[in-house]
């Protein structure tokens, strides 16, 4: 059987990761009337036969890091249900398994962190640069082909954290001067029962930032639990998110709810520490969870002659990783905040 045969049988993930199956672009219509376009290995576009007046153009991406597998499994189930006619769509939908080579290798990436390559087009120096360039083109084409008069663009880039976290499921809202922090987006966050939200304070080069910055998409990077091998994720812990994601793509319009500040903690990035030398280090243990709080004045690490101390009022750590490449982010230092002023 061909790659497309396997996808049509509901084996999208298996076909994507089977590199012995040659890929060819194809399109076909499902019995439900949905037009399915296979754009690249691991990338499917779905176009419903009828679209509501207030239609969305939605991207759901996974596998940007190859060892972050629970989102890949969630999207595989979603695609299987669309193929079988168990899930109707009300909006154009693009789903992605971004880096099948890294998935097969059971590693975050092969040569370079893919989720740092979405600021501009990259020189073709390695596989990750080629993938990032291709994904940028696919995103641009997808949003550009919208038939909506006033398109509402969404992009949820789904990940897992390397380490444990005080908040098992949390969202990161990328920084941009576009109006990408809507009431609908934050309604989705609470309907998905995400445990926290982190507001970025500076532009980055992540996949979700790319869609927010260049296309004005309601975009989030969403961390869904901790890294685990394929097939060994407890997806029941993600039931609320899965339900909200399916409602997002299937319901003509999301029901907006008033933000409940008592339900979901909100943080803002206070500082970003960039690794400047091979002498970078942390003083806290490697298994300290994300969002662990440190008191004002605590000495948490250093980089050459520079020493890092916690600032006034205390800060929590998110994504600490002393082993990143020089020039990349080694940790976010965050503080509690509220979102009332942006809604």
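Numbering (full-length UniProt numbering), first residue to last: 1 to 343. Using N, Cα and C, we set each Cβ at its ideal position, and we do this for glycine too.
Find the nearest neighbour of residue i within the set the options, judged by alpha-carbon distance.
{"i": "residue 272", "options": "201, 332, 192, 242", "result": "332"}
{"i": "residue 313", "options": "335, 303, 102", "result": "335"}
{"i": "residue 303", "options": "14, 45, 323, 201", "result": "323"}
{"i": "residue 190", "options": "236, 180, 243", "result": "243"}
{"i": "residue 129", "options": "235, 140, 109, 255", "result": "109"}
{"i": "residue 315", "options": "306, 329, 297", "result": "297"}
{"i": "residue 61", "options": "222, 151, 6", "result": "222"}
{"i": "residue 34", "options": "48, 24, 40, 42", "result": "48"}
{"i": "residue 131", "options": "96, 74, 163", "result": "96"}
{"i": "residue 340", "options": "259, 285, 137", "result": "259"}
{"i": "residue 100", "options": "85, 29, 14", "result": "14"}
{"i": "residue 203", "options": "175, 229, 285, 230", "result": "175"}
{"i": "residue 136", "options": "117, 153, 150, 151", "result": "117"}
{"i": "residue 306", "options": "319, 321, 277", "result": "277"}
{"i": "residue 279", "options": "330, 150, 170, 185", "result": "330"}
{"i": "residue 246", "options": "23, 328, 82, 4", "result": "82"}
For residue i, which residues from the same chain have a beta carbon less than 6 Å from its beta carbon, with the 5 sequence-adjacent residues on both sides left out?
{"i": "residue 121", "result": "133"}
{"i": "residue 37", "result": "27, 45"}
{"i": "residue 326", "result": "275"}
{"i": "residue 55", "result": "91, 148"}
{"i": "residue 112", "result": "126, 128"}
{"i": "residue 193", "result": "240"}
By DSSP, does residue i sit in helix, in strand, or in coil?
{"i": "residue 214", "result": "helix"}
{"i": "residue 69", "result": "coil"}
{"i": "residue 171", "result": "strand"}
{"i": "residue 325", "result": "coil"}
{"i": "residue 286", "result": "coil"}
{"i": "residue 340", "result": "helix"}
{"i": "residue 81", "result": "helix"}
What does a CB cutoff of less than 8 Å around residue i pick up in its chain, not counting 5 residues either side in sequence?
{"i": "residue 345", "result": "Residue 345 is absent from the model: the chain starts at 1 and stops at 343."}
{"i": "residue 265", "result": "167, 195, 196, 197, 336"}
What are the boundary residues of the beta strand (DSSP E) that includes residue i?
{"i": "residue 44", "result": "43-47"}
{"i": "residue 144", "result": "Where residue 144 is concerned, there is no enclosing beta strand (DSSP E), although the alpha helix (DSSP H) it sits in stretches over 127-144."}
{"i": "residue 352", "result": "Limits of the chain in this structure are 1 at one end and 343 at the other, which puts residue 352 out of reach."}
{"i": "residue 196", "result": "196-199"}
{"i": "residue 299", "result": "299-303"}
{"i": "residue 311", "result": "Segment: none, residue 311 is in no beta strand (DSSP E) and carries neither H nor E."}
{"i": "residue 57", "result": "56-62"}
{"i": "residue 93", "result": "92-97"}
Within the continuous alpha helix (DSSP H) that includes residue i, where are the two ends?
{"i": "residue 189", "result": "183-191"}
{"i": "residue 102", "result": "100-105"}
{"i": "residue 245", "result": "239-250"}
{"i": "residue 119", "result": "Taken as a continuous stretch (DSSP letters only), residue 119 belongs to no alpha helix (DSSP H), as it is neither H nor E."}
{"i": "residue 8", "result": "3-8"}
{"i": "residue 15", "result": "12-17"}
When the distance is taken between beta carbons, is residue j closer than 7 Å to residue i?
{"i": "residue 200", "j": "residue 139", "result": "no"}
{"i": "residue 20", "j": "residue 52", "result": "no"}
{"i": "residue 72", "j": "residue 94", "result": "no"}
{"i": "residue 233", "j": "residue 70", "result": "yes"}
{"i": "residue 224", "j": "residue 173", "result": "no"}
{"i": "residue 2", "j": "residue 41", "result": "no"}
{"i": "residue 208", "j": "residue 159", "result": "no"}
{"i": "residue 257", "j": "residue 218", "result": "no"}
{"i": "residue 293", "j": "residue 300", "result": "no"}
{"i": "residue 12", "j": "residue 76", "result": "yes"}
{"i": "residue 187", "j": "residue 57", "result": "no"}
{"i": "residue 119", "j": "residue 205", "result": "yes"}
{"i": "residue 115", "j": "residue 64", "result": "yes"}
{"i": "residue 102", "j": "residue 66", "result": "yes"}
Ignore the nearest five residues each way along the sequence and tell me which others in residue i's own chain have a CB closer than 7 Å to its CB.
{"i": "residue 68", "result": "159, 160, 227"}
{"i": "residue 39", "result": "25, 45, 138"}
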